[in-house]
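Engineer: Per the numbering used here: the sequence shown = residues 4 to 193. We treat Cβ as the ideally placed atom computed from N, Cα and C, and that holds for glycine. What you are looking at is a predicted structure, and each value in this text was computed from that prediction instead of being measured.
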Amino acid sequence: MSPGPSLAVVMNTSLHSGHRAGYVCALAHGAGVGLYGLLTVAGLAVLITSSPALFTFMQVAGAGYLIYLGIKSLRGGSGAMPTEGHAPRDHRGAALSGFLVAFLNPKLAIFMLALFAQFLDPQAGVVEKGIMVATVGITDACWYSLIVALVSHPRFLERLQRSAKLIDQVFGVILILLALSVMLRAGGLV
4 MSPGPSLAVV
14 MNTSLHSGHR
24 AGYVCALAHG
34 AGVGLYGLLT
44 VAGLAVLITS
54 SPALFTFMQV
64 AGAGYLIYLG
74 IKSLRGGSGA
84 MPTEGHAPRD
94 HRGAALSGFL
104 VAFLNPKLAI
114 FMLALFAQFL
124 DPQAGVVEKG
134 IMVATVGITD
144 ACWYSLIVAL
154 VSHPRFLERL
164 QRSAKLIDQV
174 FGVILILLAL
184 SVMLRAGGLV
């Protein structure tokens with residue numbers, strides 16, 4: 004729930020494709036987080052965290068995706084943001100962005116392992132595990148839906164629309180810097 008690539012992607016989607024696409028992005032992000040929860044209870048997250056090559060591959064793939072989104076934001080910095088009723092309906096792209104920014108973050112596997120180790124009894128049944136997985140996915144989707152509601156509020160949106168080109172450039176730079184940071188850490192340079 005801290006500022007990072009997920010927040011930038013959800014906000015950028017909301018601002019450029021409208022609040023409906025923002026909600027789709029938030030829900031897909033929650034699904035990506037929920038999938039990590041499912042992988043954790045199934046034991047597959049241990050594979051991701053114990054295999055340095057797989058972990059690094061996922062970090063680099065995630066960083067590559069962030070660079071793509073950053074360049075797209077820098078190129079798309081036309082200064083035009085949709086007004087409600089005229090927002091593009093790119094829900095598939097919004098869903099893909101939300102899901103990928105969550106799923107290509109292998110640190111989620113570490114987080115889920117730490118979280119579930121604290122709260123989930125190893126002898127827990129399918130129902131208890133399902134409730135835990137659903138809780139993390141739904142909580143994540145609700146958090147990012149709240150972000151969508153805030154940035155889509157008419158008062159806030161008007162201010163953002165006046166600074167659209169600058170916001171595009173800032174989001175693009177932030178995403179690229181985050182990606183470079185991930186790549187430096189993945190390469191052991193930091």
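#1: Give the DSSP-derived three-state secondary structure of SER81 in the structure shown.
#2: When the Cβ atoms of the stretch 33 to 52 are set against those of the stretch 134 to 150, are three or more pairs found closer than 8 Å?
#3: Sorted by chain position, which residues of the same chain lie with C-beta nearer than 6 Å to SER81's C-beta, five sequence neighbours on each side aside?
#4: If the criterion is Cβ atoms closer than 8 Å, does the pair LEU178 and SER100 meet it?
#5: Measure the alpha-carbon distance for ALA11 versus PHE174 and round it to whole angstroms.
#6: Going by alpha carbons, who is nearest to ALA182 out of TYR26, LEU116, TYR68 and LEU30?
#7: Secondary structure at ALA127, three-state DSSP: helix, strand or coil?
#8: Under the assumption that THR52 contacts PHE58 (Cβ atoms under 8 Å), give the Cβ distance between them as a whole number of angstroms.
#9: Please return the same chain residues whose Cβ sits closer than 7 Å to the Cβ of ILE70, not counting the five positions on each side in sequence.
#10: Alpha helix (DSSP H) containing ASN15: first to last residue?
#11: Please state the DSSP three-state secondary structure of LEU107.
#12: Among VAL49, ASN108 and CYS28, which one has its Cα closest to the Cα of PHE119?
#13: Taking a contact to mean a Cβ-Cβ separation below 8 Å, would you say THR16 touches GLY7 in this structure?
#14: Below 6 Å CB to CB, which residues in the same chain sit around ALA66 once its five sequence neighbours on both sides are set aside?
#15: Are there any heavy atoms of the ligand FAD lying less than 7 Å away from the beta-carbon of SER9, as far as the coordinates show?
#16: On a Cα-Cα basis, can you pick out the residue from VAL130, GLY190, GLN172 and ALA189 that is closest to GLY73?
#17: Hey, would you say HIS32 sits closer than 8 Å to SER155, going by beta carbons?
#18: Just how far apart, CA to CA, sit ALA105 and GLN121?
Structural biologist: So, from the listed chains and residues:
#1: Note on SER81: pLDDT 48, under 50, position unreliable in the model; no value is reported.
#2: yes
#3: At SER81 the pLDDT is 48, less than 50, meaning the model places this residue with poor confidence and gives no usable figure here.
#4: no
#5: 7 Å
#6: TYR68
#7: coil
#8: 6 Å
#9: ILE179 and ALA182
#10: 8 to 44
#11: coil
#12: VAL49
#13: no
#14: ALA182, VAL185 and MET186
#15: Judged by which ligands are present, the structure shown has none, so any question about the ligand FAD falls away.
#16: GLN172
#17: no
#18: 22 Å
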